[in-house]
Amino acid sequence: MVTITYVEHDGTRCSVDAAVGLSVMDTALAFKVRGMEGDCGGFCACGTCHVYVEEGWFERLPPMSELERDMVSLAHDPRPNSRLSCQITAAAELDGLVLHVPAKQF
Ligand code: FES
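Per my numbering, the sequence shown starts with residue 883, numbered consecutively.
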């Protein structure tokens with residue numbers, strides 16, 4: 883297990899124990915993090931799992947695929963630290979990761 887913290891749009895922080903190997907989108911849904919949708923089930927096809935990565939963590943994540951980059955550009959209010967949480971897998975090196983959930987998904 884690794885600890886992932888989701889910061890909901892109103893500032894509520896949800897720190898959860900994530901199973902290694904599970905996407906941080908699936909983890910958020912399992913813990914009912916508000917603002918996370920994941921409509922396509924994690925196939926990088928909807929952009930409704932958009933998150934902003936806390937400063938200091940973005941560079942530590944695996945690089946984005948071309949497909950993820952395209953989908954992020956279609957998300958609501960994309961920023962330089964935007965990622966799709968279905969494309970991030972919980973792993974030991976991500977213990978302590980902090981993700982901010984946007985005000986809305988599309
Ligand atoms: Fe659809 Fe991530 S769940 S793009």
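Using N, Cα and C, we set each Cβ at its ideal position, and we do this for glycine too. Everything numeric in this text was worked out from a predicted model, so none of it was measured.
{"Item": "CB-CB length for residue 954 against residue 932, believed under 8 Å", "Value": "7 Å"}
{"Item": "Pairwise C-alpha distance: residue 888 and residue 918", "Value": "10 Å"}
{"Item": "Three-state secondary structure assigned by DSSP to residue 981", "Value": "strand"}
{"Item": "7 Å Cβ shell around residue 943 - same chain, five flanking residues per side excluded", "Value": "935, 965, 970"}
{"Item": "Residue 972 - DSSP class collapsed to helix/strand/coil", "Value": "coil"}
{"Item": "Residues near residue 968 by beta carbon distance below 7 Å, same chain, minus five either side", "Value": "905, 907, 920, 924, 926, 931"}
{"Item": "Inter-residue CB distance, residue 900 and residue 972 (contact presumed, cutoff 8 Å)", "Value": "4 Å"}
{"Item": "Given residue 975 as reference, the closest of 903, 915, 890, 892 once Cα atoms are compared", "Value": "903"}
{"Item": "Residue(s) in a DSSP beta bridge with residue 897", "Value": "887"}
{"Item": "8 Å Cβ cutoff, residue 930 in contact with chain C", "Value": "Although the question refers to chain C, the structure presented lacks it and comprises just one protein chain."}
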